[in-house]
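Numbering (this note's numbering), first residue to last: 599 to 1166.
Idealized CB from N, CA, C, for every residue including glycine.
For reference, the structure is listed below as structure tokens.
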């Protein structure tokens, strides 16, 4: 009963906590119903908590694929809180993984690594999806520039997948390793891994993964200077993504293909070929720009303006190039992305340098362009120093935090030791009191024991008396049962004699009826025989009378004929 009340109380507490969090937690629940997402509302109304967690995780990944990262983080946080409340550890792991994926897609790789690490701890505890967790951590380290840690985690993941003979898992790690080697300028080795990954994904018809590998192979070939192979693989990806690719996949492939066309445009010796690659690059960038403007992603729009500016710059279309760079600059000045802003300043500096070297402009104009190039270079350098300072400040803050944490840990350790010492002294003081108390308790226990022995003996006496009474009752019950059995026996004998008399009567009556029936049957049979004999006698008499008459008439005729003969 106590356990039942405790179980009901725990469940009621969980329900109340979930209700409270659902109503008041701004970070997790705010806007979930206001967004009008009926699928989320239906999920939150589900009764099975573990099924609710899985549905929330799927919904979070759907939001990630739709590029709704903040909404995806809120839903994944909701899933994490619910998983913690019901003790569903695998749900916590999936939630942390989804949140890490969101932060990675947003470019916040430190937060992504933090959540991937939390997911990895649970994965190791449950021994479930450990390789996938290692792969995610390796990818996060790679984005943070820690290539050694990235390689170590990817190789751990690959070892697990190879032991499990999981070909798709191996293909995914091959893809990550190829990307890692590309960043280390080891394009030949990266292409080997990409080809292994591509072969497995194509066999298993994983179109999304095939697209990703084809794009990465195109980039690797472009980085190695093999532009024809780069264009070949990117065109394969382009044909595939047009059929069944998502908007994001299409945008990624189009941008990569546009960059390759731009490079080919720069190095093309034939003007017609250069024009063709320029037009293709411009068309693909314009399509991506249209999609980015529809989604309202200003960072992506700014990058596309920058790409188009570089494209116009390589064709020496200075006015259009500056127009695109300025459009990108206006957007990036509103954001906090200093790396992209610095890249635009460098692009403007390169454009000004090109214009300063162009003999078509006057000397004064060329000097102005050179000054502008210098200004943009200084702005880019200032941003570089800001970025370096921010990184240094961030690292210093991390070191500070680590130092403070270690210092506090040491202080806590000392305090704990002092407390332990005080506890030991207190125990020594209490030990003497405990000894006297134990002696007193021993005497009391002996008295209590004697009293309990007397109670036990009394209880045994009562028990023996009750047992005797029970045996007497049993003997009486047996006597009554014997009397009842004798009466039942007499009744059964009477019923048996009645049954014997009834059977005799029935048997005698049956024989009498059979005998009378037999006599009646014989009499009937004899009567039938007599009737038959009478019929035969009558027939004989009739026949004899007929014969007598025939004989008489015949004799008369003979007599008449005799007389006639005599007369003649």
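Proximal residues to residue i (C-beta, below 7 Å), its chain only, five neighbours per side dropped
| i | result |
| --- | --- |
| residue 933 | 896, 897 |
| residue 659 | 696 |
| residue 926 | 900, 903, 904, 907, 942 |
| residue 1022 | none |
| residue 667 | 700, 703, 704 |
Cβ shell of residue i (< 8 Å), same chain only, five flanking positions each side left out
| i | result |
| --- | --- |
| residue 857 | 820, 879, 905 |
| residue 962 | none |
| residue 663 | 844, 846 |
| residue 865 | 825 |
| residue 1155 | none |
| residue 791 | 772, 773, 775, 776, 779 |
| residue 687 | 681, 720, 723, 724 |
| residue 891 | 899 |
Buried or exposed by the 16-neighbour rule on C-beta atoms within 10 Å, applied to residue i
| i | result |
| --- | --- |
| residue 1054 | exposed |
| residue 967 | buried |
| residue 852 | buried |
| residue 1024 | exposed |
| residue 1145 | exposed |
| residue 922 | buried |
| residue 692 | buried |
| residue 1066 | exposed |
| residue 1071 | exposed |
| residue 1057 | exposed |
| residue 956 | exposed |
| residue 859 | buried |
| residue 780 | buried |
| residue 733 | buried |
| residue 1034 | exposed |
| residue 950 | buried |
| residue 917 | exposed |
| residue 1126 | exposed |
| residue 1038 | exposed |
| residue 1091 | exposed |
| residue 1151 | exposed |
| residue 848 | buried |
| residue 1160 | exposed |
| residue 629 | Because residue 629 sits at a pLDDT of 41, beneath the cut-off of 50, its placement in the model cannot be relied upon, and the point is left open. |
| residue 672 | buried |
First through last residue of the alpha helix (DSSP H) which encompasses residue i
| i | result |
| --- | --- |
| residue 859 | 845 to 865 |
| residue 678 | 667 to 684 |
| residue 948 | 936 to 955 |
| residue 761 | 745 to 762 |
| residue 958 | Unbroken run through residue 958: none, as it is neither H nor E. |
| residue 702 | 687 to 703 |
| residue 813 | 805 to 821 |
| residue 773 | 765 to 781 |
| residue 904 | 896 to 912 |
| residue 933 | Neither: residue 933 is in no alpha helix (DSSP H) and is coded neither H nor E. |
| residue 1172 | As shown, the chain starts at 599 and ends at 1166. That puts residue 1172 outside it, with no answer to give. |
| residue 884 | 869 to 893 |
| residue 827 | 825 to 842 |
| residue 734 | 728 to 741 |
| residue 709 | 707 to 724 |
Nearest-angstrom beta carbon gap, residue j and residue i [assumed within contact, 8 Å]
| i | j | result |
| --- | --- | --- |
| residue 717 | residue 694 | 4 Å |
| residue 938 | residue 930 | 5 Å |
| residue 748 | residue 778 | 6 Å |
| residue 689 | residue 648 | 7 Å |
| residue 842 | residue 805 | 6 Å |
| residue 862 | residue 882 | About 13 Å separates the two Cβ atoms, so there is no contact after all. |
| residue 977 | residue 936 | Incorrect: roughly 11 Å between the Cβ atoms, too far for contact. |
| residue 738 | residue 714 | 5 Å |
| residue 876 | residue 909 | 7 Å |
Residues of its chain near residue i, where Cβ-Cβ distance is below 6 Å and the 5 sequence neighbours each way are ignored
| i | result |
| --- | --- |
| residue 752 | 736, 771, 774, 775 |
| residue 652 | none |
| residue 948 | none |
| residue 815 | 792, 831 |
| residue 812 | 831, 834, 835 |
| residue 680 | 651 |
Near the ligand FMN: residue i beta-carbon under 7 Å from a heavy atom
| i | result |
| --- | --- |
| residue 817 | As for the ligand FMN, it is missing from this structure, which has no ligand bound. |
Measuring CB atoms only, is the segment 906 to 914 touching the segment 861 to 873, in the sense that at least three cross pairs come out at less than 8 Å?
Pairwise C-beta distances place the segment 906 to 914 in contact with the segment 861 to 873, as three or more of them are shorter than 8 Å.
Is it true that the segment 779 to 792 meets the segment 755 to 765, where meeting means three or more beta-carbon pairs spaced less than 8 Å apart?
The answer is no - the segment 755 to 765 does not touch the segment 779 to 792, with fewer than three Cβ pairs under 8 Å.
Using 8 Å as the cut-off, can you tell me whether the segment 786 to 802 makes contact with the segment 834 to 841, which would need three or more C-beta pairs spanning the two stretches below that distance?
No, the segment 786 to 802 does not touch the segment 834 to 841.
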